[in-house]
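Enquirer: Residue numbers (the numbering used here): 19 to 167.
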Amino acid sequence: MNKRSIISKTILLASFAVFFLGSAAARASETQCKMNFTMKSWSVFYKSGKGQGNITCDNGQKAKVRLRAHGGGLTFGKDKILDGHGTFSKTADIKDLFGSYATAETHGGAGDSGASQAMTKGDVSLALTGSGKGVSVGIDFGSFKISKI
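(1) Give the single residue among T109, L92, M137 whose Cα lies nearest to the Cα of Y119.
(2) With burial defined as no fewer than 16 other Cβ atoms inside 10 Å of the residue's Cβ, what is the status of S154: buried or exposed?
(3) Do you know offhand how far L17's Cα is from G160's?
(4) For G117, which residues of its own chain have a beta-carbon under 6 angstroms away from its beta-carbon, when the five flanking residues on both sides are left out?
(5) How is D114 classed by DSSP in three states: helix, strand or coil?
(6) Do S165 and V62 come within 8 angstroms of each other at the CB atom, strictly closer than that value?
(7) Can G102 and K65 be called in contact, C-beta distance under 8 angstroms?
(8) Beta-carbon separation of K58 and G71 under 8 angstroms?
(9) Can you say whether D141 is buried or exposed, counting buried as having 16 or more other CB atoms within 10 angstroms of its CB?
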């Protein structure tokens with residue numbers, strides 16, 4: 019092999035190494051976060067909810083949070099989530115989780131009930147599940163805001 023060929027192969031190998039090591043480092047620096055929460059909401063065409071919770075991440079970051087839900091649609095009811103859980107997509111830092119998420123929801127239930135919902139905020143997604151009490155029926159669209167207390 020000539021000198022030019024060796025240099026080209028060395029540069030190519032170095033480029034692959036930087037790409038793969040950089041990708042692995044980016045994945046290694048991401049954290050998985052979960053949220054436990056409670057929330058009360060009501061709706062008559064307009065839906066409004068308030069709650070609070072705790073976010074914990076596998077990198078040790080934690081935050082107490084305030085939750086707000088707003089939306090509208092064909093919806094009626096009043097409910098309380100007593101045992102809510104959320105799982106976020108992996109992200110670089112807990113502060114990426116704060117802000118407003120876009121939501122779309124169908125719901126129906128009376129008495130003891132369970133619910134699940136998925137929402138997004140840019141590259142971050144959030145899946146919520148919960149159990150509670152109440153009466154509700156409808157379909158609505160809106161936002162779900164998470165802010166640090």
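Glycine included, every Cβ here is placed at the ideal spot set by N, Cα and C.
In this text, all values refer to a predicted model and were calculated from it rather than measured experimentally.
Expert: Per the coordinate set shown:
(1) Ranked by how close their Cα comes to the Cα of Y119, the residues T109, L92, M137 have M137 in first place.
(2) With 16 or more Cβ atoms within 10 Å of its Cβ, S154 is classed as buried.
(3) Since the displayed the chain opens at 19 and closes at 167, residue 17 lies outside it and no answer follows.
(4) Closer than 6 angstroms at the Cβ level, and outside the excluded window around G117, lie K139.
(5) In this structure, D114 counts as helix in the three-state DSSP scheme.
(6) With respect to S165, V62 sits apart: the two C-beta atoms are not nearer than 8 angstroms.
(7) Not in contact: G102 and K65 (Cβ atoms no closer than 8 angstroms).
(8) No; because the gap between Cβ atoms is not below 8 angstroms, this pair is not in contact.
(9) Exposed, since its Cβ has fewer than 16 Cβ neighbours within 10 Å.
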